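Counting the sequence shown from 1 gives a position; our numbering is that position plus 220. Just so it is clear, CB atoms sit at the ideal spot from N, CA and C, and this is done for glycine as well. Just so you know, these numbers come straight off a predicted model, no measurement behind them. Heads up: the structure comes next, in structure tokens.
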Amino acid sequence: MHASSLLTLLTTLPAAMACLGYTGGVPKATGTKSLSAPQYLKKGQVFDAKWVRYDRGVKCSGQSEGGEKDAVFVLEDGATLRNVVIGANQKEGVHCLGACNLEFVWFEDVCEDAISIKGSGTANIIGGDANDYGKVYRSCGNCKGNSKCKRSVHMEGVTAVNGGELIGINTNLGDKATYSNNCYPKTQCQGYNGCDKSNGECEPSKAGKC
């Protein structure tokens with residue numbers, strides 16, 4: 221299904237519905253590319269994957285923490301990724317090093333977090349779907365320099381199935397989240413007490429809902 225068709229669907233569904241995310245499942249991939257290393261999108265680059273499935277050719281290792289080297293895509297500040305299926309054979313999904321835009325990005329099976337932002341900026345996430353997820357979006361909970369990062373996220377029209385938290389942000393560090401028309405089974409926005417590894421090893425803890 222093309223982005224124009226999805227946009228039409230999202231705007232014509234009845235307003236009385238609890239959510240306006242697309243519920244037809246992951247689109248059929250037009251092909252598959254297994255990457256030996258992350259694919260980097262340069263600052264301001266727009267990449268339309270044309271519904272190709274991208275993965276890393278490795279099985280998920282559960283909820284264990286990976287890193288940038290394990291991601292499928294790494295987006296530099298201001299980059300845009302659209303119309304792509306992230307396959308199940310991967311560990312770290314998409315990493316944003318700053319502000320980023322994700323439009324109709326579909327995750328067949330999220331390993332831990334589908335989308336992680338590591339630097340400062342706003343992540344705009346429009347449409348798409350995530351299956352079997354811990355979190356769809358997570359603001360890095362313990363990155364070095366966290367205390368100096370200003371992050372926000374806007375998520376709209378995302379469908380999430382069989383998982384926990386749609387959005388996770390560090391409320392104690394001033395992270396902000398806005399969201400609308402998402403479909404999710406449990407928690408839409410979970411706050412965390414983030415920490416800064418520059419001050420020594422640490423792990424974030426849960427705070428209230430956001």
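Could you please give me the residues that DSSP links to residue i through a beta bridge?
{"i": "residue 353", "result": "383"}
{"i": "residue 410", "result": "388, 429"}
{"i": "residue 417", "result": "For residue 417, which the question treats as bridged, DSSP gives no partner whatsoever."}
{"i": "residue 316", "result": "295, 337"}
{"i": "residue 268", "result": "302"}
{"i": "residue 404", "result": "Residue 404 pairs with nothing; no bridge assigned."}
{"i": "residue 260", "result": "294"}
{"i": "residue 373", "result": "343, 397"}
Would you report the Cα separation of residue i and residue j, rounded to the nearest angstrom?
{"i": "residue 341", "j": "residue 252", "result": "31 Å"}
{"i": "residue 307", "j": "residue 274", "result": "6 Å"}
{"i": "residue 225", "j": "residue 365", "result": "With a pLDDT of 45 at residue 225, under the threshold of 50, the modelled position of that residue is not reliable, and the figure given next carries that caveat. Roughly 41 Å between the two C-alpha positions."}
{"i": "residue 268", "j": "residue 398", "result": "25 Å"}
{"i": "residue 240", "j": "residue 377", "result": "6 Å"}
{"i": "residue 336", "j": "residue 412", "result": "14 Å"}
{"i": "residue 328", "j": "residue 421", "result": "32 Å"}
Counting C-beta neighbours from all protein chains within 10 Å, is the total for residue i 16 or more, i.e. buried, or is it exposed?
{"i": "residue 250", "result": "exposed"}
{"i": "residue 380", "result": "buried"}
{"i": "residue 338", "result": "buried"}
{"i": "residue 247", "result": "buried"}
{"i": "residue 266", "result": "exposed"}
{"i": "residue 401", "result": "buried"}
{"i": "residue 388", "result": "buried"}
{"i": "residue 257", "result": "exposed"}
Using 7 Å as the cut-off, classify the Cβ of residue i as near or not near the heavy atoms of the ligand ZN, replying yes or no.
{"i": "residue 361", "result": "The ligand ZN is not among the ligands present in this structure, which contains no ligands whatsoever."}
Can you look up residue i in the DSSP assignment and give me helix, strand or coil?
{"i": "residue 424", "result": "coil"}
{"i": "residue 359", "result": "strand"}
{"i": "residue 391", "result": "helix"}
{"i": "residue 288", "result": "helix"}
{"i": "residue 190", "result": "Residue coverage of the chain in this structure runs from 221 to 430, which leaves residue 190 outside it and unanswerable."}
So residue i packs on residue j, CB below 8 Å; how close in whole Å?
{"i": "residue 325", "j": "residue 294", "result": "Actually they are not in contact, since the Cβ atoms of residue 325 and residue 294 sit about 14 Å apart, beyond 8 Å."}
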